[in-house]
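First the structure, in the form of structure tokens, and then the observations on it.
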Amino acid sequence: MQIIYRRELSNFETKFLNNIKNTLLKRMEIGQMKKSHSHMLIDVLSEIDFRRSYNN
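This is the structure we're talking about:
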């Protein structure tokens, strides 16, 4: 999986961000999560949370 940086996340649709989140959570469940992926998961979750708070 290619690392996506925080500044790039705003270019993606929310549906795609949710797909990334789910993929990373599956990797975490089976123990294949790299440190760089855990950082990306935090960034993706932050972006999703920001969008939810901005839309409400």
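Heads up: the sequence shown is residues 0 to 55, going by numbering that gives the first Met the number 0. Just so you know, even glycine gets a beta-carbon here, dropped at the ideal spot from N, CA and C. These numbers come from a predicted model, not from an experiment.
Exercise. Could you give the residue range of the alpha helix (DSSP H) that holds S37?
Worked result: Within the sequence shown, numbered from 1, the residue matching residue 37 stands at position 38. Per DSSP, the unbroken alpha helix (DSSP H) holding S37 starts and ends at 34–54.
Exercise. How is F11 classed by DSSP in three states: helix, strand or coil?
Worked result: In the sequence shown, residue 11 corresponds to position 12, counting from 1. F11: coil per DSSP, three-state reduction.
Problem set entry | C-alpha gap between N54 and K25, whole angstroms | Indexing the sequence shown from 1 puts residue 54 at position 55. Indexing the sequence shown from 1 puts residue 25 at position 26. It is roughly 27 angstroms from the alpha-carbon of N54 to the alpha-carbon of K25.
Problem set entry | Beta-carbon proximity check, I47 vs N10, cutoff 8 angstroms | Here residue 47 is taken as the residue at index 48 of the sequence shown, counted from 1. Here residue 10 is taken as the residue at index 11 of the sequence shown, counted from 1. N10 is positioned such that its CB atom lies no closer than 8 angstroms to that of I47.
Exercise. Just the Cα atoms here: how many angstroms apart are Y4 and H36?
Worked result: Here the question's residue 4 lines up with position 5 in the sequence shown. Here the question's residue 36 lines up with position 37 in the sequence shown. About 10 angstroms.
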